[in-house]
Every structure is written in C-alpha cells, then in structure tokens.
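Engineer: Just passing along the structure, written as structure tokens.
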Amino acid sequence: MSTNKVVAFTYPNDADGNAFRDNKTGLEFYSAQAGYHNVDGGAYTDGTNDYSSMIANFKSKGAQLFTNAPIPPDFNQMWKQASQAG
Numbered sequence: 101m102s103t104n105k106v107v108a109f110t111y112p113n114d115a116d117g118n119a120f121r122d123n124k125t126g127l128e129f130y131s132a133q134a135g136y137h138n139v140d141g142g143a144y145t146d147g148t149n150d151y152s153s154m155i156a157n158f159k160s161k162g163a164q165l166f167t168n169a170p171i172p173p174d175f176n177q178m179w180k181q182a183s184q185a186g
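At position 84 of the sequence shown (counting the first as 1) the number is 184 in my numbering, and the numbers step up by one without a gap.
Here it is in structure tokens:
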C-alpha cells in the first residue's frame with residue numbers, strides 16, 4: 101500500500117497504552133526506525149468522550165495511518181468522531 105508514512109498514534113494512559121508508547125521498546129520507536137513520521141496524540145484517560153482535538157491534529161499533520169490500543173467503548177467513540185470529521 102502506498103502511503104505518506106505519517107502515522108497517528110494515540111494510546112490510553114494504562115498498562116497497554118504505556119507499553120505501546122514506550123520510547124525504547126514501543127511501536128512509535130520502531131516506526132520511526134522504519135522511516136515513518138509519528139504524530140503523537142498523547143495519552144488519554146479511559147472513558148474519554150471527546151477526541152476532536154486529537155483528530156484535528158492528525159488531520160492537520162496529514163496522517164494516513166492510525167494506531168491505538170483502546171478499550172472497546174473508547175474505540176467506538178473515537179471512530180465515530182473520526183468518521184464525522186472526515
């Protein structure tokens with residue numbers, strides 16, 4: 101798949117999210133090593149209802165790829181908001 105290699109990262113502030121975000125062993129470290137530009141959405145609290153600022157940041161930076169490790173309700177909320185934002 102052709103991509104601009106800009107990837108949006110956002111993980112919850114929990115054990116899973118912190119493991120993915122680790123700057124020596126996490127996914128962001130390895131994606132940077134592979135030549136991807138990371139756009140960090142920051143850690144969010146499980147149960148967050150408003151992801152609009154993260155989504156706007158990802159769009160403004162041209163992110164074409166997205167990764168997250170959310171709990172299911174958070175994924176549903178974020179995905180709906182991303183779809184609405186285009």
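The beta-carbon is built from N, C-alpha and C at its ideal position, and this holds for glycine as well.
1) With C-beta atoms as the reference, is Lys180 less than 8 angstroms away from Gly135?
2) Judging by CA-CA distance, which residue of Phe158, Asn149, Gly186, Thr145 is the nearest neighbour of Asp116?
3) Name the residue from Asp150, Ser153, Val107, Pro172 whose alpha carbon lies nearest to the alpha carbon of Ala163.
4) Quick one: what's Asp140 bridged to in DSSP?
5) Tell me which residues share the same chain as Ser152 and place their Cβ nearer than 8 angstroms to its Cβ, disregarding the 5 neighbours each side in the sequence.
Structural biologist: With the given structure in hand:
1) Taking C-beta atoms as the reference points, Lys180 and Gly135 fail to come closer than 8 angstroms.
2) Nearest option by C-alpha distance: Thr145.
3) For Ala163, the nearest C-alpha among the options comes from Val107.
4) Under DSSP, Asp140 shares a beta bridge with Phe109.
5) Here the set comprises Gln181, Ala185.
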